[in-house]
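S.K.: Please read through the structure below; I'll follow up with questions.
Residue numbers (the numbering used here): 8 to 258.
Written as structure tokens, this is what we have:
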């Protein structure tokens with residue numbers, strides 16, 4: 008139903024895109040469905056894989072803001088609102104590589120709030136991947152195989168200063184993982200010899216953990232989730248230029 012060619016946008020290595028969500032459509036793509044009160048009931052996966060995110064509880068549905076900034080739309084979340092998939096395999100990364108990009112906006116001083124991921128909690132005993140803010144100006148990306156956490160974090164005040172910010176979490180390698188978390192040009196990497204453990208988690212969610220806990224108050228403009236690949240420098244820059252140009256961010 009949601010064909011890549013309808014987007015009128017080319018992104019690198021599209022065959023590795025597990026999920027692609029956006030608030031501002033490219034071309035004629037239908038990005039979401041809403042109920043009579045305006046709540047978002049479904050966020051369409053535009054990768055072609057139909058890994059849509061949904062929300063059926065009336066008090067947990069985010070809103071679509073048609074012209075949030077620079078004439079571009081955004082999905083607005085309160086801390087109790089989130090969207091979640093129904094297929095845990097959609098972003099089961101196993102022991103392989105992955106690369107996730109997101110354009111977000113949140114209030115200064117936000118703390119302990121989940122942006123996206125496949126986990127039910129941030130505990131090392133909960134398998135999967137996740138990205139959150141852990142305090143004013145600090146963002147943490149974490150991965151766990153269900154028994155030991157593999158974490159990388161970055162401290163940046165850029166998102167507080169600009170409102171919008173780009174987050175990228177990646178894993179490079181299979182037996183010695185290099186975990187990189189970027190936020191608006193600030194990058195931290197961590198190398199962990201993990202023996203090729205699996206990071207398969209649960210259903211992918213945006214706005215909170217996939218149980219609805221630890222939600223964040225803010226806006227999501229776009230998320231691209233690659234599975235089975237880590238983009239090289241040229242391809243990464245193509246994605247960043249696409250997002251920067253579309254949302255007029257000057258990244």
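From the three backbone atoms N, C-alpha and C, an ideal C-beta is built for every residue, glycine too. Since the model is a prediction, treat every value here as computed from it, not as a measurement.
The ligand NAD heavy atoms versus the CB of residue 51: any closer than 7 Å?
M.R.: Looking for the ligand NAD in the displayed structure turns up nothing, as the structure carries no ligands at all.
S.K.: May I have the straight-line CA-CA distance separating residue 119 from residue 139, to the nearest angstrom?
M.R.: One C-alpha to the other measures close to 7 Å.
S.K.: Beta-carbon within less than 6 Å of residue 255's beta-carbon, same chain only, minus the 5 sequence neighbours each way: which residues are those?
M.R.: 77
S.K.: Measure the Cβ-Cβ separation of residue 112 and residue 171 and say whether it is below 8 Å.
M.R.: Taking 8 Å as the Cβ cut-off, residue 112 and residue 171 qualify as a contacting pair.
S.K.: Assign residue 46 to one of two classes, buried (16 or more other C-beta atoms within 10 Å of its C-beta) or exposed (fewer than that).
M.R.: buried
S.K.: Within 10 angstroms of the Cβ of residue 63, are there 16 or more other Cβ atoms? Answer buried if so, exposed if not.
M.R.: exposed
S.K.: Can you give me the Cβ contacts of residue 40 inside the same chain, cut-off strictly under 7 Å, excluding the 5 residues immediately before and after it?
M.R.: 48 and 49
S.K.: Would you mind reading off the limits of the alpha helix (DSSP H) that contains residue 244?
M.R.: 240-254
S.K.: Would the region 19-34 and the region 217-232 be scored as touching if the rule is three or more Cβ pairs under 8 Å?
M.R.: yes
S.K.: For the beta strand (DSSP E) containing residue 195, name the first residue and the last one.
M.R.: In the DSSP assignment, residue 195 falls within the unbroken beta strand (DSSP E) covering 193-200.
S.K.: Going by Cα to Cα distance, which pick from 21, 99 and 24 is closest to residue 204?
M.R.: 99
S.K.: Consult DSSP for residue 22 and reduce its assignment to one of helix, strand or coil.
M.R.: helix
S.K.: Would DSSP call residue 95 helix, strand or coil?
M.R.: helix
S.K.: Sorted by chain position, which residues of the same chain lie with C-beta nearer than 6 Å to residue 251's C-beta, five sequence neighbours on each side aside?
M.R.: Once the five neighbours on either side are set aside, the close Cβ partners of residue 251 are 258.
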